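Numbering (the working numbering), first residue to last: 29 to 142. What follows is one structure encoded as structure tokens, with my remarks underneath.
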């Protein structure tokens, strides 16, 4: 087996390529955004549009699922979404808590109801 075909070398090559492509844009964004006023109306509009896009994608996944979610009932998907949103607001607007609670509710509902 050649060195290029082994699992670790391929993973390291992919990691290096992804870092070379991704990191310069992070640094450019950091440089350009250092004087950005987060209270400006433009920034609030961008944040509102981004939030609306995420909400639209979540609703699309709940109402028109693709892949493995097609096998999960609408009730379970809706319950998981409500559980995630409730946990998000109850714990103090922490995204990781909301996503985790929604995922746990989806897994539990799938196991219990099927």
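From the three backbone atoms N, C-alpha and C, an ideal C-beta is built for every residue, glycine too. The model shown is predicted, which means the values in this text are computed figures rather than measured ones.
How would you label residue i, buried or exposed, when you count the other beta carbons within 10 angstroms and need 16 or more for buried?
| i | result |
| --- | --- |
| residue 105 | buried |
| residue 137 | buried |
| residue 111 | buried |
| residue 116 | buried |
| residue 142 | exposed |
| residue 102 | exposed |
| residue 57 | exposed |
Quick check: what's the CA-CA separation for residue i versus residue j?
| i | j | result |
| --- | --- | --- |
| residue 89 | residue 96 | 11 Å |
| residue 36 | residue 54 | 26 Å |
| residue 79 | residue 86 | 11 Å |
| residue 62 | residue 93 | 39 Å |
| residue 125 | residue 50 | 27 Å |
| residue 60 | residue 72 | 17 Å |
| residue 43 | residue 52 | 14 Å |
| residue 98 | residue 133 | 16 Å |
Grab me the residues of residue i's own chain with a C-beta within less than 8 Å of its C-beta, minus the 5 sequence neighbours each way, in chain order.
| i | result |
| --- | --- |
| residue 123 | 116 |
Pick helix, strand or coil for residue i, following the three-state DSSP scheme.
| i | result |
| --- | --- |
| residue 97 | helix |
| residue 117 | helix |
| residue 64 | coil |
| residue 92 | coil |
| residue 137 | helix |
Among residues of its own chain, excluding the 5 on either side of residue i, which ones have a beta-carbon nearer than 6 Å to its beta-carbon?
| i | result |
| --- | --- |
| residue 120 | none |
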